[in-house]
Amino acid sequence: MNRNDLQRLSNARIREARILFAAGEYSGAYYLAGYSVECALKACFAKGVQRHDFPDKNRAGKIFTHRLPELAKLANVEAELALATKGNPRLSGAWLLVSNWTEESRYPVWGKAECQEMLAAITAGKDGVLPWIKQRW
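Mapped onto the numbering used here, the consecutive letters of the sequence shown carry residue numbers 25 to 161.
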């Protein structure tokens, strides 16, 4: 899997999340929406790996996490994100919500309002987490 694959996967997962939301399948939509952010952050990580370089084993092995704050750090966007959220309360609130997503988010039952809030935090124009990440992937 390479950077382009991860970008396509991120776009596919947010598209699928919107389809599930429209169909009233809020728990699946919530999970896939968060997964789209995971894939986007992993695309940022892949961008930092040079084509013919052998990545540091310790750093590369950690990328298999599902924890979004850790992925932001590994993708080298953590410091920039901290600055961006400091200057943008909407992005700050969006990241605060989205960063609590984990792979375990697939187990709870999520309602419409929770899912709608998550989708908005991820996709909302210039203040959404995913548009912010896409500028860096």
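Backbone N, C-alpha and C fix where the C-beta goes; we use that ideal spot for every residue, glycine too.
**Study point:** DSSP-derived helix/strand/coil call for S123
**Key:** It is coil, neither helix nor strand.
Exercise for review: Can you have a look at D29 and say buried or exposed, based on whether 16 or more other CB atoms are within 10 angstroms of its CB?
Suggested key: Exposed is the call here.
Exercise for review: Please report how far the alpha carbon of Y54 lies from the alpha carbon of S123, in whole angstroms.
Suggested key: C-alpha separation (whole angstroms): 13 Å.
**Study point:** Buried or exposed by the 16-neighbour rule on C-beta atoms within 10 Å, applied to Y59
**Key:** buried
Review point. How long is the line joining the alpha carbons of L44 and A36, rounded to whole angstroms?
Key: The straight-line gap from Cα to Cα measures roughly 12 Å.
Check your understanding: How about G135 and Y50: are their beta carbons less than 7 Å apart?
Key -> At the C-beta level, G135 and Y50 come within 7 Å of one another.
Review point. Which residues in the same chain as R160 place their Cβ atom closer than 7 Å to its Cβ, once the five residues preceding and following it in sequence are excluded?
Key: C68 and V101
**Study point:** E102 - containing alpha helix (DSSP H), residue span
**Key:** Segment E102 to G111, the alpha helix (DSSP H) holding E102.
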